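Scroll down for the structure; my scribbles are underneath it.
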Ligand code: 3HC
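Numbering (our numbering), first residue to last: 1499 to 2187.
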């Protein structure tokens, strides 16, 4: 096996190269190889300076996350980092790609840093429920100051080089050959000892109180419920009192505490669950993937327009198609206004806005899209409308063009039945607003060819979406599970809970928003129409009764100023006791007893509803893994990432416990939808989950 770390001597420079694909993670072997190489170079008379560089697409992207579940093995990363910092010969990190976590810590410990233009550097550990555990919290503030270090570590956002004034992180940014530039840089550097003094003393900072206050209000507040950002803050502040060595010792203690926490286990699980969802089981195929450059979107409503925004932002040429100029004008105005607002907020530059708009071609002519590689239909949610569009597309676009529907509920098998190229029909279910939401459900029909699925997965990566492959069923995976969640929220309204209590219980659990506030925001009428079109779902008169009553009294949510809540002109929620009376009357007529529930009972019931539906979906083979279900909930429905997702949460509760609770709820409510698949625990065990 080739060595993961190799050394070459050139012009009195020891060039240490790490080659551990795909991301040069700091596995035990890499740490050992690096430490040996650094120690050897100290003793080698022919070495005047040292370069650490990496093969492949990136510099070290962090510690090896897979190792965190196992007992740590020597050499430990902090020892390697200290060996670098204490080196008597200057060490230069030659950076490219993503310099993250432990990789960033190694770079910070080096005496100098040379980076290729476009390199991303940062400490994203809090995203894994950790703090930087090998000097990051102590070295970074010594370089960029306490306030900037807090911002970088707590936000977990990397910096793209060059980026003034953050160039303070590196000594040179180059756009030519990295090794060549670093060797040239090495010729002119000072001895390491000059810099060593500066690194080891505590940081002097005058206004710590103001910095801490700002961090709590603007950075920690954005990471509600997470423990690691607070721990990271406390570790960074140590740099003002302790020497580097002492600070690193304390930092390590906090790191280990975080590493052993339930939140970190869930967040690390979430990281790998998303990777697994991106690599679903797809049957072998010999066809090459369809390369997608020109995309047409049918329908310039809010959904079509926001899909267009997502695609033009990813550099794709997009044709936005409408049946008349007026609709088209409305859609393009939506896009243009949204981009202007992004410019105002400083998210993109005016030039970027112009570049994005130049990639958009609005048209009312189907013939303009004859050579499209992909068409995404985002028209009105009606089977007959969609069938008509697909039949027309089949006659218009080239035979190898992929036809996708953005339907949220409709049967794509039926939509595909009207075209000749059934194997090139797929669902691309974007979530609203599509230019912001990360999730993309890719829906495989019974006809879809494997290479079309693989092409769609690659397309998702290209447009920076988190893909999840699902099969056809009512609502696919996410919305079908969400319907169970909404069903129980509605049942609890009948049983005497208020919208505020239900929403509070769920936000306390960690959901980004409560289900009734979400329903008011998205429009209560949408689900209402879908239920009316699918009466086969259930004949139970209690099913979504409160939501139905809202729609039937013209309370559609925010857009009508009233739904489960009232809204003022700034769309602020106002409690409305009138709805409680409506629900009480409905409950009395159905002989439903009203009672009080604790917030915890509410959240448990809603989450169990999701879990039960998730297992049923797995059993039906609509999705191939529990990890994909969790990925959907983390990226499309605001499930708290630090709880891993509903399936991971259930696993932590214990599947036998889940089964018992479901049976108890069945007894309590006498609703058959609570009946769990009877062998839920052994099924999940067989699934290896
Ligand atoms: N450890 C182990 N495996 C890793 C890894 C890591 N740090 N980072 C990525 N991988 C694996 C992925 O699981 C994936 O494996 P697979 O092919 O078997 O599914 C493979 O590398 C490629 O990853 P991506 O598909 O994500 O590749 P991208 O090019 O899209 O992204 C990346 C690359 C930006 C580096 C992204 O993988 C990433 O963000 N990785 C995590 C970085 C991170 O969090 N680093 C900090 C780790 S904690 C730490 O360092 C603690 C220290 O302070 C002590």
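All residues carry an ideal CB built from backbone N, CA and C; glycine is no exception. Computed from a predicted structure; not experimentally measured.
Query	Result
Evaluate residue 1617 with the Cβ neighbour count: other Cβ atoms within 10 Å of its Cβ, from every protein chain shown; 16 or more gives buried, anything less gives exposed.	buried
For residue 2073, which residues from the same chain have a beta carbon less than 7 Å from its beta carbon, with the 5 sequence-adjacent residues on both sides left out?	1998 and 2063
Given 7 Å as the limit, tell me if residue 1599 has its C-beta closer than that to any heavy atom belonging to the ligand 3HC.	yes
Just the Cα atoms here: how many angstroms apart are residue 2220 and residue 1677?	Here the chain has residues from 1499 to 2187 only, and residue 2220 is not among them.
Figure out for me which residue from 1872, 1992 and 1950 has the closest Cα to the Cα of residue 1781.	1950
Grouping DSSP H, G and I as helix and E and B as strand, with all else coil, what is residue 1610?	strand
Check this for me: beta carbons of residue 1567 and residue 1600, under 8 Å apart or not?	no
Ends of the alpha helix (DSSP H) at residue 1964?	Note, residue 1964: premise wrong, no alpha helix (DSSP H); beta strand (DSSP E) at 1964 to 1969.
Would you give the residue range spanned by the beta strand (DSSP E) that residue 1875 belongs to?	1872 to 1875
Between the stretch 1782 to 1791 and the stretch 1758 to 1768, do three or more beta carbon pairs fall short of 8 Å?	no
List in chain order: all unbroken beta strand (DSSP E) runs of 3+ residues lying wholly within the stretch 1778 to 1819.	1792 to 1796 and 1815 to 1819
Going residue by residue through the stretch 1674 to 1741, where are the continuous alpha helix (DSSP H) segments of at least 4 residues, counting only ones entirely within it?	1676 to 1684, 1691 to 1698, 1706 to 1712 and 1726 to 1735
Judging by CA-CA distance, which residue of 1674, 1688, 1509 and 1571 is the nearest neighbour of residue 1587?	1688
Would you kindly work out how many angstroms separate the C-alpha atoms of residue 2148 and residue 1668, rounded to a whole number?	45 Å
Please state if the CB of residue 1575 and the CB of residue 1524 are separated by a distance shorter than 8 Å.	yes
DSSP three-state label for residue 1670, please.	strand
Rank 1534, 1756 and 1707 by C-alpha distance to the C-alpha of residue 1730 and give the top, closest one.	1756
Is there a Cβ of chain D sitting closer than 8 Å to that of residue 1725, yes or no?	The chain inventory of the structure shown lacks chain D, comprising one protein chain alone.
Would you kindly work out how many angstroms separate the C-alpha atoms of residue 1927 and residue 1955, rounded to a whole number?	12 Å
Mapping the DSSP letters down to three states, classify residue 1646 as helix, strand or coil.	helix
Count the other C-beta atoms from every protein chain shown that fall within 10 angstroms of the C-beta of residue 1611, then say buried if there are 16 or more, exposed otherwise.	buried
Using a 10 Å radius around the Cβ and a threshold of 16 neighbouring Cβ atoms, would you call residue 1672 buried or exposed?	buried
Given the structure, does residue 1625 come close to the ligand 3HC, in the sense that its CB is under 7 Å from one of the ligand's heavy atoms?	yes
Output the distance between the C-alpha atoms of residue 1841 and residue 1847, rounded to the nearest integer angstrom.	6 Å
Let me know if residue 1896 comes out buried or exposed under the rule of 16 or more other beta-carbons within 10 Å of its beta-carbon.	exposed
Is residue 1587 near the ligand 3HC, going by C-beta to nearest heavy atom under 7 Å?	no
With contact counted as at least three CB pairs below 8 Å, one residue from each stretch, are the stretch 2126 to 2142 and the stretch 2036 to 2049 in contact?	no
In the DSSP assignment, find the unbroken alpha helix (DSSP H) run with residue 2181 in it and report its ends.	2178 to 2184
Are residue 1857 and residue 1816 touching if we call contact CB-CB under 8 Å?	yes
Considering residue 1848, what are the terminal residues of the alpha helix (DSSP H) in which it resides?	1848 to 1856
Looking at C-alpha atoms only, which residue of 2161, 2167, 2146 and 2160 is the closest neighbour of residue 2183?	2146
State buried or exposed for residue 2045, treating a residue as buried only when at least 16 other CB atoms are found within 10 Å of its CB.	buried
Would you kindly check if the distance between the Cβ of residue 1557 and the Cβ of residue 1594 is under 8 Å?	yes
Thinking C-alpha only, which one of 1810, 1903 and 1911 is nearest residue 1933?	1810
Could you pull out every unbroken beta strand (DSSP E) segment of at least 3 residues lying fully inside the stretch 1898 to 1957, listed in chain order?	1900 to 1903, 1923 to 1928 and 1937 to 1942
How long is the line joining the alpha carbons of residue 2106 and residue 2175, rounded to whole angstroms?	13 Å
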